[in-house]
Amino acid sequence: MANPLTLLMPVTPGVNPAAIAAALAKYHDQIQVALTSVGTVHYARFVLLDRSSPSLQPGAGTGPFVLGVITEYDGDFNAYIQDFVAKVGAVFDALLAFTVGGKDVTPVADHISAFTDYIRKYDLSQQPGADGLYQAYPQTVQQILAAFE
Amino acid sequence: MIDYADVQGTVLRGYRVDLARHFVLSVADAARARAFIAQLVDGTGGVPRITTAARWTKKPECFVNIGFTCAGLAALGVSPAQLATFDRAFQRGATSSDSTEAVGDVGESAPANWIGGLGDGARVHVVLNVWVDDNPAVLEDVSTRLRQAWAGAMTELSAHDAQALPDNFVHFGYHDNIAQPTVEGAPPRKRQVPDDQPVVPTGEFLLGYQNAYGSQYTVQPTALSTNSSYAAFRILEQDVAGFEHFLTTSASKAGIDPELLAAKVCGRWRNGNPLELAPDAPGTTLPMSKLNDFTYVDADAAKDDTLGLRCPIGSHIRRNNPRNQAIIGTDATHHRIVRRAMPYGPAYDPARPDTIPRGLIGYFINASLTNQFEFLLGQWNLTADFVKSASGPGGPAAGNAVFNISGEDVFLGVNDPSSSSFTLAALGARGKNNTHVTGFPRLITTRGGAYCFLPSVTGLRYLAAS
Numbered sequence: 003m004a005n006p007l008t009l010l011m012p013v014t015p016g017v018n019p020a021a022i023a024a025a026l027a028k029y030h031d032q033i034q035v036a037l038t039s040v041g042t043v044h045y046a047r048f049v050l051l052d053r054s055s056p057s058l059q060p061g062a063g064t065g066p067f068v069l070g071v072i073t074e075y076d077g078d079f080n081a082y083i084q085d086f087v088a089k090v091g092a093v094f095d096a097l098l099a100f101t102v103g104g105k106d107v108t109p110v111a112d113h114i115s116a117f118t119d120y121i122r123k124y125d126l127s128q129q130p131g132a133d134g135l136y137q138a139y140p141q142t143v144q145q146i147l148a149a150f151e
Numbered sequence: 052m053i054d055y056a057d058v059q060g061t062v063l064r065g066y067r068v069d070l071a072r073h074f075v076l077s078v079a080d081a082a083r084a085r086a087f088i089a090q091l092v093d094g095t096g097g098v099p100r101i102t103t104a105a106r107w108t109k110k111p112e113c114f115v116n117i118g119f120t121c122a123g124l125a126a127l128g129v130s131p132a133q134l135a136t137f138d139r140a141f142q143r144g145a146t147s148s149d150s151t152e153a154v155g156d157v158g159e160s161a162p163a164n165w166i167g168g169l170g171d172g173a174r175v176h177v178v179l180n181v182w183v184d185d186n187p188a189v190l191e192d193v194s195t196r197l198r199q200a201w202a203g204a205m206t207e208l209s210a211h212d213a214q215a216l217p218d219n220f221v222h223f224g225y226h227d228n229i230a231q232p233t234v235e236g237a238p239p240r241k242r243q244v245p246d247d248q249p250v251v252p253t254g255e256f257l258l259g260y261q262n263a264y265g266s267q268y269t270v271q272p273t274a275l276s277t278n279s280s281y282a283a284f285r286i287l288e289q290d291v292a293g294f295e296h297f298l299t300t301s302a303s304k305a306g307i308d309p310e311l312l313a314a315k316v317c318g319r320w321r322n323g324n325p326l327e328l329a330p331d332a333p334g335t336t337l338p339m340s341k342l343n344d345f346t347y348v349d350a351d352a353a354k355d356d357t358l359g360l361r362c363p364i365g366s367h368i369r370r371n372n373p374r375n376q377a378i379i380g381t382d383a384t385h386h387r388i389v390r391r392a393m394p395y396g397p398a399y400d401p402a403r404p405d406t407i408p409r410g411l412i413g414y415f416i417n418a419s420l421t422n423q424f425e426f427l428l429g430q431w432n433l434t435a436d437f438v439k440s441a442s443g444p445g446g447p448a449a450g451n452a453v454f455n456i457s458g459e460d461v462f463l464g465v466n467d468p469s470s471s472s473f474t475l476a477a478l479g480a481r482g483k484n485n486t487h488v489t490g491f492p493r494l495i496t497t498r499g500g501a502y503c504f505l506p507s508v509t510g511l512r513y514l515a516a517s
């Protein structure tokens, strides 16, 4: 069974959302390779929300902005957090430079405990009211890859 | 360069002795406990000096090391803010529900059933270890001197003896103590057992050095950090009659010889020969230089065992060190542990069945209890989905690694008979020809545990003076 990550991180006021988009573009290929290497993530996406926009969609708005990382992954995130950081730590370091409190937990490789707390704090899926995850199949990423090999 | 004289010896050296006694202590008077630590560091007051990893010219008559639980450090005055910088699992302690669930200390293995006062984690402060070559009189003499020295400072909750069985065998009948990680900068092992695995960074076993993640584990205050380490102290009771019954009945159902099943669940024959090098019969015990010199994935199709056809993917040695097999997360180099355990209890004689407790007792050493000991137990021993999709030289038609493992580790798993499972892999797509051994019970029960911090000598001096 997979688990959800709904990481919604407040962006530091004054940060230009274009800079976040540029960072995501810069790391796009590295993220693909890293998540394949970790081998537990079914899907992952990054979104940017504008709290000043009624639709929350970033456009001409001025923020404050929220950076979202949303994934469905297999297994115990906390158990694998160091392995995860080993593969995508540099990406998180780059993104956390834009978020409130992010600099306090970077480089994440040196702040594993604080980074774990940071994720717990901003992961809506670990907060009261989260109602788990619907999934149409129980297989892990690796079981699916093996079945369709 | 590691200053060996600042590191507690058991972290970096195997003492190669036959007797051990592990005292479980509770601090009664912090000031006097500090004075005892000072005596231990300096070898004064009739107390043997703490053993370091420094090279000795003449083998000492005894070896002494000391570990502190989080409650123990707190009792000695380490502040909550400082303790908050320590390993998360260490802070929780071995008896916390998060820890027991992570490592499978549930049911009969739960802390409520632990011996020697170990179940009361708040009172367990110190684990003090004494090893002697083979003379019980020396062990008694050292014990007497230590007890006199800590009288009034610490209360002895219990003492647990260990005695090696001949030729490094353990109660389940296997030759043990073969594979250990090669730690960067550590003294060479006296009995080198070469393997083809990467050298593990120092920081996986000592605080203050680069670890496998390019970072360092450290704690505050600084005096407690560099050259210190952590260990899980464990008392693991082995059900020898139950294990032999499992082998006989399950091998019969699977249609194989019980000794082959014994080899399959371990990954080695009982004489120590690995299945990768001796797949069909135990043969004569290989020289030590060969016993650990193998791997699982090889470009040479004749040597490749991606599918676990020779050494099952769910075997004990392959689960606990997958070597170069593809696994989720990173790789095997990131979750190694050093084992310093010795049998306790008399050898089991099947002609005279008894219920005397027997098993293994000792330390599992690492720089992160969370990412090494607990990860190893919780992920690789208690799950079957850490293996990446991989096929061998025969392609998918011959199988895929993902389908060739099931259940939990036969030795260290919880193994509820209603769900226990061990896979004997055979050629065929998606494991269609595999045999599953099922319905077996837990064979090793946890009788005690404590998460310990093994301070450097500098750290011990700090604790003594603080």
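Protein chains in written order, with this note's numbering: chain A, 3 to 151; chain B, 52 to 517.
Glycine included, each C-beta is placed from N, C-alpha and C at the ideal position.
Taking C-beta atoms as the reference points, Ala204(B) and Arg83(B) count as a pair closer than 8 Å. Distance from Ala111(A) to Val87(A) at the Cβ level is roughly 5 Å; contact confirmed, criterion being Cβ atoms closer than 8 Å. Burial is judged here by how many other beta carbons sit within 10 angstroms of a residue's own beta carbon; Ile407(B) has fewer than 16 and is exposed. DSSP places Ile407(B) outside any alpha helix (DSSP H), giving it a letter other than H or E.
Close to Val438(B), with beta-carbon spacing below 8 Å, are these residues of chain A in chain order: Gln144.
When DSSP assignments are scanned along the stretch 121-186 of chain B, the uninterrupted stretches of alpha helix (DSSP H) that are 4 or more residues long and fall wholly within it turn out to be 121-126, 131-134, 139-143, 148-154. By the Cβ criterion, the stretch 347-362 of chain B is not in contact with the stretch 8-17 of chain A, since fewer than three pairs of Cβ atoms, one from each stretch, lie closer than 8 Å.
For Pro66(A), the closest of Gly134(A), Gly91(A), Pro15(A) by C-alpha to C-alpha distance is Pro15(A). Secondary structure of Phe114(B) (DSSP, three-state): strand.
Within the stretch 333-395 of chain B, the complete alpha helix (DSSP H) runs of at least 4 residues fall at 339-342, 367-371.
Burial is judged here by how many other beta carbons sit within 10 angstroms of a residue's own beta carbon; Met393(B) has at least 16 and is buried. Taking 8 Å as the CB threshold, Arg481(B) lines the interface with chain A.
In the DSSP assignment, Arg240(B) falls outside any beta strand (DSSP E) and carries neither an H nor an E. Beta-bridge pairing by DSSP links Ala71(B) to Trp182(B), Ala213(B). Per DSSP, the beta-bridge partners of Ile416(B) are Ala282(B), Val389(B). Per the C-alpha coordinates, the member of Thr42(A), Gly41(A), Pro60(A) positioned closest to Phe48(A) is Pro60(A). Along the stretch 98-119 of chain A, the positions whose C-beta sits under 7 Å from a C-beta of chain B are Ala111, Asp112, Ser115, read in chain order. Boundaries for Asp112(A): no alpha helix (DSSP H) harbours it, and the DSSP string shows neither H nor E there. Per DSSP, the continuous beta strand (DSSP E) segment holding Pro6(A) begins and ends at 4-12.
Inter-residue distance for Tyr395(B) and Val143(A) is about 43 Å (C-alpha atoms, whole angstroms).
For Ile22(A), the enclosing alpha helix (DSSP H) starts and ends at 19-40. The alpha-carbon separation between Lys28(A) and Tyr260(B) amounts to approximately 32 Å. In this structure, Ala515(B) places its C-beta atom within 8 Å of the C-beta atom of Arg85(B). Ile83(A): member of the alpha helix (DSSP H) spanning 83-98, first to last residue. For Arg498(B), the enclosing beta strand (DSSP E) has its first and last residue at 495-505. Taking 8 Å as the cut-off, the Cβ atoms of Ser457(B) and Ser472(B) count as close. When the Cα atoms are used, Ser419(B) and Leu328(B) turn out to be separated by approximately 32 Å. Below 8 Å, too few C-beta pairs join the stretch 117-124 of chain A and the stretch 30-41 of chain A to call them touching: fewer than three. Gln267(B) sits in a strand when the DSSP states are folded into three classes.
Within 10 angstroms of the beta-carbon of His30(A) lie fewer than 16 other beta-carbons, which makes it exposed. Residues of the stretch 258-287 of chain B with a C-beta atom less than 7 Å from some C-beta of chain A are Tyr264, Gly265, Ser266, listed in chain order. Around Ala71(B), the same chain offers Trp182, Ala213, Met393 as residues with beta carbons nearer than 6 Å, after the five sequence neighbours per side are excluded.
Of Val40(A), Thr64(A), Val13(A), the smallest CA-CA separation from Val90(A) is found for Val40(A). For Cys362(B), the closest alpha carbon among the candidates Val75(B), Leu312(B), Lys483(B) is that of Leu312(B). Distance from the Cα of Val250(B) is smallest, within the candidate group Gln271(B), Ala140(B), Pro232(B), for Pro232(B). Under the 8 Å criterion on CB atoms, Tyr45(A) is classed as non-interfacial with respect to chain B.
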